[in-house]
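Notes to accompany the following structure.
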Amino acid sequence: MRIEQRWDVLVVGGGASGTLLAVQLLRNAPGPLRVAMLERTGRVGPGLAYSTESASHLLNVPAGRMSAFPEDPEHFLRWIRRLEPATAPGDFVQRQRYGQYLEKVLHEAREAAAPGVGLELLQGEVLSISQVGDVARVVLAQGPVLEARTVVLAVGNALPADLPVADGGLYASPRYVRSPWAEGALQHVRPHHPVLLVGTGLTMVDTVLSLAERNHEGRIHAISRHGLLPQVHRPGVVAGPPVAPAEPRRVRSILGALRDQARRAGEGGDWRATVDSLRPLTASLWRGLSEPERRRFLRHLRSLWDVHRHRMAPAVNDILLQLQASGVLRIHAARVRNFQLSDEGWVLARVRPRGFSREATFRVQHVINCTGPDASIGRGHSLLRGLLESGLARTDALGLGLATDAEGSLLDAQGRASELFFTLGPLRRGDLWETTAIPEIRVQALSLSRRLLERLASHSDVPAAVSAPPPPTFP
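Counting in UniProt numbering, the final residue of the sequence shown is number 475, and the numbers go up one at a time with none missing.
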């Protein structure tokens, strides 16, 4: 077995979560530290979320709130103004710009790192991770076996899950697109083809924008249980001071308090400010709920939360309204019952509209899965499935992600916090609920970097972390 050089920290995943953690490690380590980032595609920084080349794919958060650094909230705004001087804090810039920003921030952190602090970028796909004594061993599909004193899982979101309905051979055919983010996902969709998008959230919105860029004129049907589109950001709305709802241990009391606050805000403001003011409190509110209350939230309120909390830019909404007015885009509240492939090559999607007992049939050329990440952790990630089967990790009580302690250490099958395996970002959703956006992930990255450096320092000659230098400023 050929063992590569042992790393102090090996970050599995080179998207936004892994990049922000690597940046904080490089900035905070005052002495020798060996860090590696392992990314399947070989490109670190943008990840799936920010690697789009579509000019119509915009950030869902205003530029003034997208800094990589919690202590410097205008860092991204200064950077983007070098390229687009007129950018205002409330503007929604192209998503690919943020991918470029992450690459730039990582490059500058490498250049400014203390002597002996280095980052190596590795390309490969992980087959398995195991613990051998006090180190982690990482086996790749090709190449050497890696060893590390600490492994951080920053693998992001899984692919969407196929709908658990009879598909009539659809899923194995070129008429089906499991993920609109896959390379060449829309290459077989012709402008005149009618298509069915399953899901009406932000993934669906991006897919519609991509089709519109390709001058799509065929009917686009978008379907979900409730038929709800994401709400729209309103320019100039500023989150007020966080106000914790009374009696936060029950979903009903939280919802009632939010309605009262939104009603008061509506008298002279906007309900969006009320929703945004909860951002610093969401994790503590979620943790304060019992498991039955969390399940009640997921069962009854998740869809409403998602469309109000995760909103789209006004310019994006304008495009959707135009497509709806022209008859190209139609939104449906319904459940898919089954799929069939006709002898003529059509896809027949049998659905039951919400509130009706009768069924209807859509006749389309393609079905695109826009339901979002697979909720089953083990099924969605073969790497995570191996960790679960070995007992090195376990899912959270709701199965939304991996169980962790307060700072991101994985809990094993017995509930013990690991000293080797950590995570941040989407895999902590079961414990934190809101953990997929930059404002939350950047705080996790800073906290986790400090914990890792302290741990490594206590077990070796690696110095403990010092106060991070201020981020570079942009003229």
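Heads up, the beta-carbon is just placed ideally off N, CA and C, and yes, glycines get one too. Bear in mind the structure is a predicted one, so any value in this text is a computation, not a measurement.
Q: Would you check if the distance between the CB atom of Val155 and the CB atom of Thr19 is smaller than 9 Å?
A: No, the pair does not count as a contact, with Cβ atoms beyond the cut-off.
Q) Between Ser56 and Leu209, which are expected to be in contact by the criterion C-beta below 8 Å, what is the C-beta distance as a whole number of angstroms? A) That belief holds up - the Cβ atoms of Ser56 and Leu209 are roughly 4 Å apart, short of 8 Å.
Q) By Cβ distance below 6 Å, which residues in the same chain neighbour Gly408 in space, the five residues on each side in sequence not counted? A) Excluding sequence neighbours, Gly408 sits near Phe422, Thr423, Leu424 and Leu448.
Q: Keeping to the same chain, check which residues put their C-beta closer than 7 Å to that of His310; ignore five residues upstream and five downstream.
A: Asn60, Leu202 and Pro230.
Q) Would you report the Cα separation of Leu163 and Glu359, rounded to the nearest angstrom? A) The alpha-carbon atoms of Leu163 and Glu359 are separated by roughly 18 Å.
Q. Residues in its own chain within less than 7 Å of Thr404 by CB, not counting five upstream and five downstream?
A. Listed in chain order, the non-local C-beta contacts of Thr404 below 7 Å within the same chain comprise Leu410, Leu411, Thr423, Arg428 and Asp431, local neighbours out to five positions each way being set aside.
**Q.** Outcome for Gln5 when other beta-carbon atoms lying within 10 angstroms are tallied against a minimum of 16
**A.** Flag for Gln5 reads exposed.
Q) By DSSP, does Pro469 sit in helix, in strand, or in coil? A) Any answer about Pro469 is weak, because its pLDDT of 49 lies below 50 and its placement is not dependable; what the coordinates show is given next. Looking at Pro469 - three-state DSSP - the assignment turns out to be coil, as it is neither helix nor strand.
Q: Verify whether the separation of the beta carbon atoms of Val328 and Arg249 is less than 9 Å.
A: No.
Q.
With a threshold of 6 Å on Cβ separation, who are the neighbours of Leu122 within its own chain once the five nearest residues in sequence on each side are excluded?
A. A distance below 6 Å between beta-carbons, with the five flanking residues on each side excluded, links Leu122 to the following residues of its chain, in chain order: Ala36 and Leu38.
Q: Could you round the C-beta distance between Arg225 and Arg335 to whole angstroms and report it? I think they count as a contact, below 8 Å.
A: 6 Å between Cβ atoms; contact.
Q | Whole-number beta carbon distance between Phe339 and Val165, since they are thought to touch under 8 Å | A | That pair is a contact at about 7 Å.
Q | Nonlocal neighbours in the same chain, by C-beta distance under 7 Å from His459, ignoring five residues either side | A | Within its own chain, no residue has a Cβ closer than 7 Å to the Cβ of His459 once the five positions on either side in sequence are excluded.
Q. Quick one: what's got a C-beta closer than 6 Å to Gln444's C-beta in the same chain, skipping five residues either side?
A. Within the same chain, Leu424 come within 6 Å of Gln444 by CB-CB distance, once the 5 residues on both sides are set aside.
Q. For Glu213, which residues from the same chain have a beta carbon less than 7 Å from its beta carbon, with the 5 sequence-adjacent residues on both sides left out?
A. Within the same chain, Ser54 and Ser56 come within 7 Å of Glu213 by CB-CB distance, once the 5 residues on both sides are set aside.
Q.
Distance check for Glu434 and Ala283, CA to CA, integer angstroms please.
A. Approximately 7 Å between the Cα atoms of the pair.
Q) If you follow the beta strand (DSSP E) that Pro353 is part of, which residue opens it and which one closes it? A) Pro353 -> beta strand (DSSP E) spans Val347 to Pro353.
Q. On the three-state DSSP scale, how would you describe Val205?
A. Correct three-state label for Val205: helix.
Q. When the Cα atoms are used, what is the spatial distance from Leu159 to Val195?
A. Rounded to the nearest angstrom, the two C-alpha atoms are 20 Å apart.
**Q.** Start-to-end residues for the alpha helix (DSSP H) that takes in Arg110
**A.** Judged by DSSP secondary structure, Arg110 falls within the alpha helix (DSSP H) whose first and last residues are Arg95 to Ala112.
**Q.** Cutoff 6 Å; reference Gly15; Cβ partners in own chain excluding five residues on either side
**A.** Same-chain partners within the cutoff: Gly47 and Gly156.
Q) Looking at the structure shown, is Gln24 part of a helix, part of a strand, or coil, going by DSSP? A) Three-state DSSP puts Gln24 in a helix.
Q: Please work out which residues of its chain come closer than 7 Å, Cβ to Cβ, to Val9, disregarding the five sequence neighbours upstream and downstream, and give them in chain order.
A: Within the same chain, Val9 has close Cβ partners Leu25, Val35, Ala148, Thr150, Val152 and Leu452.
Q | Distance CB(Ala406)-CB(Arg394) smaller than 9 Å | A | Against a cut-off of 9 Å, the Cβ pair of Arg394 and Ala406 comes out as no contact.
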